[in-house]
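Here the sequence shown stands for residues 653 to 889, where the numbers follow the working numbering.
The C-beta atom is built at its ideal place from N, Cα and C for all residues, glycine as well.
Working notes for the structure below.
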Amino acid sequence: MSQSLLYEGKAKKVYQTPNKKGQLILAYKNDATAFNGQKKALFEGKGRLNNEISSRIFQILHQKGIETHFIEQLNETEQLVHQTKIIPMEVVIRNIAAGSITKRLGIEERTIFSQPLIELFYKEDSLGDPLMNDEHALFLCNVTSSELREIKAKALEINTQLIEIFAAIGITLVDFKMEFGRLASGDIVLADEISPDTCRLWDVTTHEKLDKDVFRQGTGNLIEVYEEIRQRLEAIS
Ligand code: UDP
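So this is what it looks like as structure tokens:
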């Protein structure tokens, strides 16, 4: 398929497809970055694993009635998606305390929240993606207050579905990050990726970390744990 590079991010390249208007190709890279790009490494096979995992998760979410930008997996490292205008907001849902919230608010890792917490971060690399409140989001992200309510409701519904999907394969969904995009129709849908790069996933019984924290913390083999997630997802019909 003839394609031209539209944008290159830390983990994916985005190509335009001249013969398919309104659609884009996402090419997953082998690069891993952490701490706002300060720690970097290449992992052979990571792009393929995240493409396969994210594609599978989007397919399962579709079966459960969640709308996303995903159309189809094209090959090992690429997927076809609907073009959206990405809302510059990272929506994080936390079911259990880990990562930045433990440091920012002094909450002990593994603390279980009685209700999922929603956090909004302004998606702006030059500022290090700062935490923002709803009013900042309304000012910075070109969304109305009813759209912000809609995004939060979608995020909570996606969390409910993902908790169930991962529980079925012996995994606890600790937290994860979502990005939403606007389709040409104006509808807001889940975009970007859902993968071990963007989720914290702990084995239900051993509590082993099966996500990018093995790279952030230098505690394990990233490819082995991503492969474990891919294989467990194969069991879901
Ligand atoms: N996350 C992400 N991209 C980011 C920041 C966070 O995908 O730029 C994900 C991260 O993998 C975790 C969740 O969002 O699943 C919450 O991350 P946190 O705020 O704890 O930040 P971190 O520990 O990565 O600094």
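In the same chain as ARG700, and ignoring 5 residues on each side of it, the C-beta atoms closer than 8 Å to its own belong to TYR680, GLU728 and THR729, in chain order.
Its Cα nearest to that of PHE722, the residue ASP844 stands out among ASP844, LEU853, ASN873 and ASN747. For VAL744, the shortest separation between its Cβ and any heavy atom of the ligand UDP lies below 7 Å. With contacts defined as CB atoms closer than 8 Å, GLN813 and LEU732 fail to qualify as a contacting pair.
At least 8 Å separates the beta-carbon of MET741 from that of ALA807.
Using a C-beta cut-off of 8 Å, the region 820-833 makes contact with the region 850-865, since at least three inter-stretch Cβ pairs fall below that distance. GLY833 counts as buried, since at least 16 other C-beta atoms from the protein chains shown sit within 10 angstroms of its C-beta. Short note on ASP786: C-beta not closer than 7 Å to any heavy atom of the ligand UDP.
Classified as exposed, TYR659 has fewer than 16 neighbouring CB atoms from the shown chains inside 10 Å of its CB. Between ALA684 and PHE867, the CB-CB gap stays under 8 Å.
Annotated as proximal: PRO768 and ARG746, with beta-carbon spacing under 8 Å. For the pair GLN725 and ASN703, the CB atoms are nearer than the 8 Å cut-off. The residues LEU790, in chain order, have a CB closer than 8 Å to that of THR796 in the same chain once the five nearest residues on each side in sequence are set aside. Of all alpha-carbon atoms in LEU783, GLU760 and GLU776, the one lying nearest the alpha-carbon of ILE770 is that of LEU783. One Cα belongs to CYS793, the other to LEU779, and the distance between them is close to 15 Å.
For HIS859, the secondary structure class from DSSP, reduced to helix, strand or coil, is coil.
Measuring C-alpha to C-alpha distances from PHE687 to each of ASP865, LEU835, ILE881 and ILE875 identifies ASP865 as the nearest. Distance check between ALA836 and each of HIS734, GLN711 and GLY689 places HIS734 closest, using alpha-carbon atoms only. Around the beta carbon of LYS698, a 10 Å sphere encloses 16 or more other beta carbons of the protein chains shown; the residue is thus reported as buried.
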